[in-house]
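J.:
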Amino acid sequence: MIDLKTSLLAIDVGRGTQDILVYEPGQSIENSIKLVLPSPTVVTAEKIRQATRAGLPVFLDGHLMGGGANTGAIREHLAAGLPVYATEEAALTLHDDPERVRALGVEIRADPPGDAVRVRTTDYMEQELRQALSLFGVDYPGNVAVAVQDHGYSPHRSNRIHRFELMRERLDAGDWDLLSLVTDPPLADMTRMQAVRSQAPDALVTDTGPVALIGTLCDPRVRQMAKDGVTLVNAGNGHTLCFTLKGREIHGLFEHHTGALDPAKLHDYIRRLADGTLTSEEVFDDNGHGAAIRRPLKTGAVVVTGPNRLRLLPEAYQAAPFGDMMLSGCFGLAYLWKAFREG
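Numbered per full-length UniProt numbering, the sequence shown spans residues 1 to 343.
1. Compute the Euclidean distance between the alpha carbons of arginine 109 and alanine 274, then round it to the nearest angstrom.
2. How about proline 210: is its Cβ closer than 7 Å to a heavy atom in the ligand SAM?
3. Rounded to whole angstroms, what is the Cα-Cα separation between lysine 338 and phenylalanine 331?
4. Below 8 Å on the Cβ atoms is my guess for valine 22 versus isoleucine 33; work out the distance and round it to an integer in Å.
5. Would you mind giving the Cβ-Cβ distance between glycine 14 and glycine 236, rounded to the nearest angstrom? I have them listed as a contact below 8 Å.
6. Along the chain, which unbroken stretches of the beta strand (DSSP E) at least 3 residues long are found entirely within the stretch 90-127?
7. CA-CA distance, threonine 6 and aspartate 96?
8. Of the choices Ile74, Leu297, Thr206, Leu312, whose alpha-carbon is the least far from that of alanine 45?
9. Taking only the alpha-carbon atoms, compute the straight-line gap between glutamate 255 and glutamine 50 and give it to the nearest angstrom.
10. Among Met325, Asp61, Ala203, which has the Cα closest to the Cα of threonine 122?
11. Would you decide whether glutamine 131 is buried or exposed? Buried here means 16 or more other CB atoms lie within 10 Å of its CB.
12. Identify the continuous beta strand (DSSP E) that holds alanine 292 and give its terminal residues.
13. Tell me which same chain residues have a C-beta within less than 7 Å of the C-beta of alanine 320, skipping the five on either side of it?
14. Just the C-alpha distance for tryptophan 117 and leucine 56, rounded to the nearest angstrom, thanks.
15. Going by C-alpha to C-alpha distance, which of Phe340, Gly16, Pro25 sits closest to asparagine 70?
What follows is the structure, given as structure tokens:
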């Protein structure tokens with residue numbers, strides 16, 4: 001399924017890790033260079049906590065990026081009575097509404113005070129990746145594909161609702177095809193993706209959840225299951241996305257926060273997604289994103305990928321495309337590069 005004409009750097013940015021594949025034509029994927037590194041939000045959070053321990057102010061400077069660990073570190077820094085400053089763009093990491101950012105106690109300004117620790121915000125750590133690869137004599141690929149999770153620009157309403165509305169719109173517009181959740185270039189509303197594109201204008205940038213599930217289809221057994229109908233689950237560190245799929249048609253999907261799920265609840269959601277009775281309202285009310293069902297799909301075939309796969313679905317088929325579960329998203333990005341850029 002993956003046979004590219006040119007080299008590609010595929011980066012799947014998650015909540016806990018960023019998973020990286022360096023693809024070179026003519027080289028087997030099994031022997032390709034692969035990295036599983038701390039995610040940008042984890043790296044940024046640690047820099048903030050170092051400043052907290054040193055009792056120094058923090059100045060966030062860079063691009064809008066994903067939240068999570070870094071947002072928590074900022075709250076801890078402020079709770080310790082230490083100042084936080086941010087540029088207008090970096091402040092959007094904390095919230096789409098600048099007034100909400102100021103209400104947290106963050107001062108938005110163009111330049112830092114003299115004693116502040118400057119912390120660069122970005123989901124695309126190009127400088128660091130170039131340096132790491134160069135230490136091993138590896139050329140930096142000219143083509144880049146990046147996956148991040150983007151809720152879209154939503155300053156005054158729930159970003160969970162907004163994200164799922166956008167997903168539903170893309171499904172309807174694409175006749176619920178497997179690739180309908182991917183747009184190249186990304187929608188203008190996807191500000192996190194656009195921030196990556198501002199740093200890598202020619203990159204293919206899309207969403208983490210779908211690319212991991214697309215990547216599972218590089219596992220021959222999963223591809224065979226999909227012909228008759230299969231439930232695909234990406235149990236990530238932050239979010240869990242589930243499709244029912246037959247051939248290339250998505251029959252239904254839901255998205256939830258992984259931390260809110262346990263095996264019993266996830267099994268119940270999967271069962272009711274398959275029989276068409278799961279509602280978007282109940283997933284949202286359970287602190288998830290939502291559900292959308294085009295038609296039921298009765299299937300006992302369940303496939304799971306992602307770092308929380310064994311905690312949530314230990315008895316399901318554990319997808320391992322090219323023998324490497326952690327790079328499912330990267331394989332999905334490579335597949336999309338072929339489909340959108342070389343097809």
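All residues carry an ideal CB built from backbone N, CA and C; glycine is no exception.
These figures come from a predicted structure and were not determined experimentally.
T.: Put simply:
1. Locating residue 109 in the sequence shown gives position 109, where the first residue counts as 1. Locating residue 274 in the sequence shown gives position 274, where the first residue counts as 1. Whole-angstrom Cα-Cα distance: 50 Å.
2. You won't find the ligand SAM in this model; it holds no ligand whatsoever.
3. The sequence position of residue 338 within the sequence shown is 338, counting from 1. The sequence position of residue 331 within the sequence shown is 331, counting from 1. If I take the Cα positions, the gap works out to 11 Å.
4. Taking the sequence shown and counting its residues from 1, the one referred to as residue 22 is at position 22. Taking the sequence shown and counting its residues from 1, the one referred to as residue 33 is at position 33. The pair is a contact, with the Cβ atoms about 4 Å apart (cut-off 8 Å).
5. One-based indexing of the sequence shown puts residue 14 at position 14. One-based indexing of the sequence shown puts residue 236 at position 236. Indeed they touch by this definition, with Cβ atoms about 6 Å apart.
6. 106-108, 117-121
7. For this step, residue 6 is matched to residue 6 along the sequence shown. For this step, residue 96 is matched to residue 96 along the sequence shown. So the two alpha carbons sit approximately 37 Å from each other.
8. Taking the sequence shown and counting its residues from 1, the one referred to as residue 45 is at position 45. Taking only the C-alpha atoms, the option nearest alanine 45 is Ile74.
9. Position 255 of the sequence shown, counting from 1, holds the residue named residue 255. Position 50 of the sequence shown, counting from 1, holds the residue named residue 50. Between glutamate 255 and glutamine 50, the C-alpha separation is close to 34 Å.
10. Numbered from 1 along the sequence shown, position 122 holds the residue referred to as residue 122. When each option's Cα is compared against that of threonine 122, the closest is Asp61.
11. Along the sequence shown, one-based indexing puts residue 131 at 131. Exposed, because fewer than 16 other Cβ atoms sit within 10 Å of the Cβ of glutamine 131.
12. Translated into the one-based positions of the sequence shown, residue 292 becomes position 292. Element bounds for alanine 292: 290-293.
13. Numbered from 1 along the sequence shown, position 320 holds the residue referred to as residue 320. Answer for alanine 320: Asp219, listed in chain order.
14. Numbered from its first residue, the sequence shown carries residue 117 at position 117. Numbered from its first residue, the sequence shown carries residue 56 at position 56. According to the sequence as given, residue 117 is valine; it is not tryptophan. The alpha-carbon atoms of valine 117 and leucine 56 are separated by roughly 7 Å.
15. As a first step, residue 70 is located in the sequence shown; it is residue number 70 there, counting from the start. Ranking Phe340, Gly16, Pro25 by Cα distance to asparagine 70 puts Gly16 first.
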